[in-house]
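UniProt numbering numbers the first residue of the sequence shown as 1 and each following residue consecutively.
Glycine is no exception: its CB is placed at the ideal position from the N, C-alpha and C atoms.
Computed from a predicted model, the values in this text were never measured in an experiment.
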Amino acid sequence: MDDIRRTIADAERHQSDLDPFVALHTEDVVVVNLAGRRVLGRAALRDAMAAALDSPLADVTTRSDVEDIRLVSPDVAIVSCLKHVSGLADELTARLTYVLVRQPDRWRIAVAQTTPITAPFAP
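Right, dumping it as structure tokens:
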């Protein structure tokens, strides 16, 4: 489980560092961001991140608290996080769900889905 947590921590640490961030994802990654934009594939993720880092979104930072890790097979994990977003007009909180797959060199992100919490938060 430490390797899985390390991948999540690396994604947070590299959120503004394009190449290391994108390298944490599988070639066929699917990302649905906070605004509902769906990005398919590592190349498209790279393009989307490059555009975001060249815009006011570069000032937006996130912090994720891992709440649960479930191994659905020896090489697939579902990770549930509470995501804190700063740098917008209003700070907000969201649910972030990752699907990670074990590859020969490390765990990589295959799916990332972020859902804003719009109702009063209740754990």
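(1) Cα separation between W107 and V79?
(2) I'd like the span of the beta strand (DSSP E) that includes A77, first residue to last.
(3) Kindly list the residues whose CB is nearer than 6 Å to the CB of G87, restricted to its own chain and excluding five residues on each side of it in sequence; keep chain order.
(4) In whole angstroms, give me the CA-to-CA distance for D28 and T93.
(5) At the level of alpha carbons, what is the spacing between A43 and T118?
(6) Check R95 in the structure and name its three-state DSSP category.
(7) Compute the Euclidean distance between the alpha carbons of A112 and V99, then round it to the nearest angstrom.
(8) Is there a C-beta anywhere in chain B that falls below 9 Å from the one on T114?
According to the data block:
(1) Locating residue 107 in the sequence shown gives position 107, where the first residue counts as 1. Locating residue 79 in the sequence shown gives position 79, where the first residue counts as 1. Each residue's alpha carbon lies about 12 Å from the other.
(2) In the sequence shown, the residue the question calls residue 77 occupies position 77. A77 -> beta strand (DSSP E) spans V76 to S86.
(3) On the sequence shown, residue 87 is found 87 positions in, with the first residue counted as 1. Contacts found: D59, V60 and T61.
(4) The residue given as residue 28 occupies position 28 in the sequence shown. The residue given as residue 93 occupies position 93 in the sequence shown. Cα to Cα, the separation comes out at about 27 Å.
(5) For the purposes of this step, residue 43 is taken as the residue at position 43 of the sequence shown. For the purposes of this step, residue 118 is taken as the residue at position 118 of the sequence shown. Computed Cα separation, rounded: 31 Å.
(6) Numbered from 1 along the sequence shown, position 95 holds the residue referred to as residue 95. It is a strand residue.
(7) On the sequence shown, position 112 is the one that residue 112 refers to. On the sequence shown, position 99 is the one that residue 99 refers to. Computed Cα separation, rounded: 7 Å.
(8) The chain inventory of the structure shown lacks chain B, comprising one protein chain alone.
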